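Note that the UniProt record's numbering numbers the sequence shown so that position 124 is 124, with each residue one more than the last.
These notes are about the structure you will find just below.
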Amino acid sequence: MNQQLNGKSCSTESGAVDEPLSRIEGLDFTEGLYLAAGNRELYAAILSAFLTNNSDVVERVREACAVDDIVTATRLVHSLKGAAGTIGAIRLQETSRAAERALSDGEERVAEAEIQDIERLIAPLLSQLREALV
């Protein structure tokens, strides 16, 4: 898979390819690339999968909570926590961890506040990833 970043191949050796991703709010590009073993093509594929798999995650968590399916809500937040860590979205990972804990502990108000924070963090991240990944 040859992902493109603003029309530039991830496999190029120039530093110019780093520019679009390094400006994404909430994304530690250096950390994410490190976690992808420095492989830009792999990192772009992971970011693309994150975008696809999490574009509606907050909605799905809220739907699960609305029907008292805390197991599903917790699983979704747990998966988001791991995915966020994998791409270098550290603040999103930390917030997802707090939401997971609150859901597991039955702390509804705390969980809802954390889910709101997840939404606040993930919305610009997803939007900017859509723009950066061509």
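Idealized CB from N, CA, C, for every residue including glycine.
Owing to the predicted nature of the structure, the values given are computational and were not obtained by experimental measurement.
query	result
With burial defined as no fewer than 16 other Cβ atoms inside 10 Å of the residue's Cβ, what is the status of glycine 32: buried or exposed?	buried
So for arginine 62, helix, strand or coil by DSSP?	helix
Count the CB pairs spanning the stretch 98-110 and the stretch 42-57 that are closer than 8 Å, and state whether there are at least three.	no
Short of 7 Å in beta carbon distance, which residues of its chain neighbour leucine 21, apart from the five on each side in sequence? Order them along the chain.	Leu5, Leu27, Phe29, Ala132
Quick one, which of Arg101, Leu92, Ala64, Leu35 has its alpha-carbon nearest alanine 123's?	Leu92
Do you know how far the Cα of leucine 35 is from the Cα of glycine 88?	8 Å
Near serine 96, what residues of its chain come up, given a Cβ to Cβ distance below 7 Å and the 5 sequence neighbours on each side ignored?	Val77, Leu80, Lys81, Ala84, Ile118
Cα-Cα, which of Ile90, Arg101, Arg120 is closest to glutamate 59?	Arg120
What is the residue span of the alpha helix (DSSP H) that serine 96 lies within?	90-104
Note down the Cα distance separating glutamate 114 from valine 57, rounded to an integer number of angstroms.	13 Å
Classify arginine 23 as buried or exposed, calling it buried when 16 or more other Cβ atoms lie within 10 Å of its own Cβ.	exposed
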